[in-house]
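Engineer: Take a look at the following structure, please.
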Amino acid sequence: MASKKEYAIEVRNLTKKFGSFTAVDNISFSVPKGQIFAFLGPNGAGKTTTIKILTTLLKPTSGVMAVNNFDPVKNKNEVRESFGIVFQDPSLDDELTAYENLEFHGVLYRVPKKILKAKIEELLKFIELWDRRNDLVKHFSGGMKRRLEIARGLIHRPEILFLDEPTLGLDPQTRNHIWSYIKNLNKKHGLTVFFTTHYMEEADRVADKIAIIDHGKIIAQGKSSDLKKKARKKSLEEAFLKLTGHKIRDEDAGSKDLMRMNRRLWRR
Amino acid sequence: MGAIYILWLRQLKRYFRSKARIVGSLGQPLLFLLALGYGFGPIFEKAGQGSYIQFLAPGIVAMSIIFTALFSGIEIIWDKQFGFLKETLVAPVSRLKIMIGRTLGGATVAIMQGIIVLAISLIVGFRPVSWVLVPVSLVVMALIALLFTALGTAIASKLDDMQGFQLIMNFLIMPLFFLSGALFPLNQMPPALLLVAKLDPLSYGVDGLHYLLTGMGALGLQMDFLVLAIVVAVLLFIGSWLFSKIEI
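For the record, the sequence lines run as chains A and B. If you number the first sequence the way my numbering does, the last residue is 270 and the count never jumps. If you number the second sequence the way my numbering does, the last residue is 751 and the count never jumps.
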């Protein structure tokens, strides 16, 4: 790939097929180091699949990629060491405490013991869960869990942070608090952020660059002002709707979704 | 090593925090031990075979181990469904290490469950032939636990739904258990059935426990260890391979 050093993420002609269904269709984009990059799209557009490929969870059908200068297919461990991730769905262990969840993650990422203790304390204090550090996560609200997941993604000081709808279900205060922290990390430490969201005002406010994906294809990319200009709209949300249409998208409920629904029912 | 340890520790923490799981998984072994032990006891004695509780206890210990060991397979599906496995799979840790950590954790929990059932057996009248051999029996328990944890991992790696896993397990486990000589002596079986029992790896686990805890066995202790070790190695290999192929 050209200009390896400048980019945190570089993707060329990436395609992912599941049988006859093309989830990601020949997309190309690049994220310079230290940039906050928003990857927007309606439900089922291919955002999460792209993140899964970049984070080594899925193999692409074709295409070339580099994450922190490493190939996610050939150099999985090097790629994994360089990023932190907050998944779209909850991924904490409910039977562990807040502290134990962070400790578990820190050990997996080989954070030295002494640094790990201090880092856990710093992050738990930042997300205002230090007083609840010994409580099992199953007793936390959705917002508390989300904050904890974001803290977990940062514990090993990654160079790139993938955030798949990170502020979903959070109140404006918490969203603002978290974005301020991430922006601060981005400014101070040059953290590259790749995020998806359905909150357009959030993308407008935070992102340096935006790409819009629909039906697996990138249909527009550039600065927020460029996209608004291209769509001749005043707000990013209006531009997004003009570019992707007004039709409601439904994702099929797979077995995982059904399990989640069952779990919610059992908990009632 | 850190990754394997933390994965092992997680399994243990989850086990000790789930009181319902500890008590619930004792239900079936206790039922077998008390109902069958006392129910068939007089008939077994009349047939000149001695105390049935004495014969039954090692098999029930094995039973509690296999059910608990297989539960770790359900935990993989659970972690797949609810996202925790994703968190583990994107960490810079080889899948082999993840699999080893989880398997050791599952096996340790299963051994603990076996020890609890052995302790209960002592309360209801079981007496080991030699207390010195009881620690050696832990090795057999460990092999049984590893065997079925690896089996559970292998199957769970290929499945996404819990009901399917439970159906396959019941379909597989019941024949393995009933043919293992846990409920009746292998040396009294008809030759055809004995041949089938010899193809069942659990037979060697139960037989090993019989040797070490009661002094009675049918297949030979060395053979028990050898077969168990080979099957454990094969299943660990298959389990690791299938685990490495998981896509989420």
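Backbone N, C-alpha and C fix where the C-beta goes; we use that ideal spot for every residue, glycine too.
Whose Cβ in chain B lies nearer than 8 Å to the Cβ of Thr57 (chain A)?
Structural biologist: Start at 1 with the first residue of the first sequence, and residue 57 (chain A) comes out as number 55. Within 8 Å Cβ-Cβ: Val593.
Engineer: Where in the segment 14 to 82 of chain A do unbroken runs of the beta strand (DSSP E), each at least 3 residues long, occur, reported from the N-terminal end onward?
Structural biologist: 23 to 34, 38 to 42, 64 to 69, all fully within the segment 14 to 82 of chain A.
Engineer: Please classify Gly256 (chain A) as buried or exposed, where buried requires at least 16 other C-beta atoms within 10 Å of its C-beta.
Structural biologist: As a first step, residue 256 (chain A) must be located in the first sequence, where it is residue number 254. With a pLDDT of only 48 at Gly256 (chain A), under 50, the local geometry of the prediction cannot be trusted, and no value is derived from it.
Engineer: Go ahead and pull the three-state DSSP assignment for Val195 (chain A).
Structural biologist: Against the first sequence, residue 195 (chain A) aligns to sequence position 193. Residue state, collapsed to three classes: strand.
Engineer: Going by DSSP in three states, Ile221 (chain A) sits in which element: helix, strand or coil?
Structural biologist: Along the first sequence, one-based indexing puts residue 221 (chain A) at 219. Strand at Ile221 (chain A).
Engineer: Among the candidates B:Ser743, B:Gln557, B:Ile676, whose CA atom is the shortest distance from the CA of Phe574 (chain B)?
Structural biologist: Position 71 of the second sequence, counted from the start, is the residue given in the question as residue 574 (chain B). Phe574 (chain B) has its Cα closest to that of B:Ile676, out of B:Ser743, B:Gln557, B:Ile676.
Engineer: Using a Cβ cut-off of 8 Å (strictly closer), state whether Asp91 (chain A) contacts chain B.
Structural biologist: What you label residue 91 (chain A) is simply residue 89 of the first sequence in a count that begins at 1. For Asp91 (chain A), the answer is yes, since a Cβ of chain B falls inside 8 Å of its Cβ.
Engineer: Indicate the three-state DSSP secondary structure (helix, strand or coil) for Pro656 (chain B) in the structure shown.
Structural biologist: For the purposes of this step, residue 656 (chain B) is identified with residue 153 of the second sequence, where counting begins at 1. According to the sequence as given, residue 656 (chain B) is Thr; it is not Pro. Residue state, collapsed to three classes: helix.
Engineer: Using a Cβ-Cβ distance under 8 Å, would Phe196 (chain A) count as near chain B?
Structural biologist: Locating residue 196 (chain A) in the first sequence gives position 194, counting from the first residue. Chain B contact via Cβ: absent.
Engineer: Quick one: Cα of Leu260 (chain A) to Cα of Gln666 (chain B), how far?
Structural biologist: By one-based count along the first sequence, residue 260 (chain A) stands at place 258. By one-based count along the second sequence, residue 666 (chain B) stands at place 163. Confidence at Leu260 (chain A) is low in this model, with a pLDDT of 47, below 50, so its placement is unreliable and no value can be given for it.
Engineer: Sort B:Leu654, B:Lys516, B:Leu679, B:Lys589 by Cα distance to Phe668 (chain B) and report the nearest one.
Structural biologist: As a first step, residue 668 (chain B) is located in the second sequence; it is residue number 165 there, counting from the start. Ranking the options by Cα distance to Phe668 (chain B), first place goes to B:Leu654.
Engineer: Where does Leu686 (chain B) sit, in a helix, a strand or coil, going by DSSP?
Structural biologist: Sequence index remark: in the second sequence, residue 686 (chain B) carries index 183 (1-based). It is coil, neither helix nor strand.
Engineer: Using C-beta distances below 7 Å, list every residue in its chain close to Arg134 (chain A), excluding the 5 sequence neighbours before and after it, in chain order.
Structural biologist: The residue given as residue 134 (chain A) occupies position 132 in the first sequence. Contacts found: Ala100.
Engineer: Going by the CB atoms, is the gap between Glu167 (chain A) and Gln223 (chain A) shorter than 8 Å?
Structural biologist: Looking up residue 223 (chain A) in the first sequence gives position 221. Looking up residue 167 (chain A) in the first sequence gives position 165. Cβ atoms of Gln223 (chain A) and Glu167 (chain A): not closer than 8 Å.
Engineer: Excluding sequence positions up to five away, which residues of its chain have a Cβ less than 7 Å from the Cβ of Phe31 (chain A)?
Structural biologist: By one-based count along the first sequence, residue 31 (chain A) stands at place 29. Answer for Phe31 (chain A): Val13, Ala213, Ile220, Gln223, listed in chain order.
Engineer: Do you know whose CA, among B:Phe651, B:Lys748, B:Met692, lies nearest Leu738 (chain B)'s CA?
Structural biologist: Against the second sequence, residue 738 (chain B) aligns to sequence position 235. Minimum Cα distance to Leu738 (chain B) is reached at B:Phe651.
Engineer: Name the residues in the segment 561 to 579 of chain B whose C-beta lies less than 9 Å from a C-beta of chain A; which are they?
Structural biologist: Listed in sequence order: no entries.
Engineer: Taking only runs that begin and end inside the segment 146 to 184 of chain A, name each unbroken alpha helix (DSSP H) of 4 or more residues, in chain order.
Structural biologist: Those alpha helix (DSSP H) runs which fall completely within the segment 146 to 184 of chain A and span 4+ residues do not exist here.
Engineer: Output the distance between the C-alpha atoms of Ile507 (chain B) and Ile647 (chain B), rounded to the nearest integer angstrom.
Structural biologist: The count along the second sequence starts at 1 and reaches residue 507 (chain B) at position 4. The count along the second sequence starts at 1 and reaches residue 647 (chain B) at position 144. Taking the straight line from one Cα to the other gives about 20 Å.
Engineer: Any idea what DSSP makes of Tyr9 (chain A), helix, strand or coil?
Structural biologist: Against the first sequence, residue 9 (chain A) aligns to sequence position 7. Of the three classes helix, strand and coil, the one that applies to Tyr9 (chain A) here is strand, per DSSP.
Engineer: Below 8 Å on the Cβ atoms is my contact criterion, and I expect Asp206 (chain A) with Ile38 (chain A) to pass it. Report the Cβ-Cβ distance as a whole number of Å.
Structural biologist: On the first sequence, residue 206 (chain A) is found 204 positions in, with the first residue counted as 1. On the first sequence, residue 38 (chain A) is found 36 positions in, with the first residue counted as 1. Their Cβ separation, rounded to whole angstroms, is 12 Å, which puts Asp206 (chain A) and Ile38 (chain A) out of contact at 8 Å.
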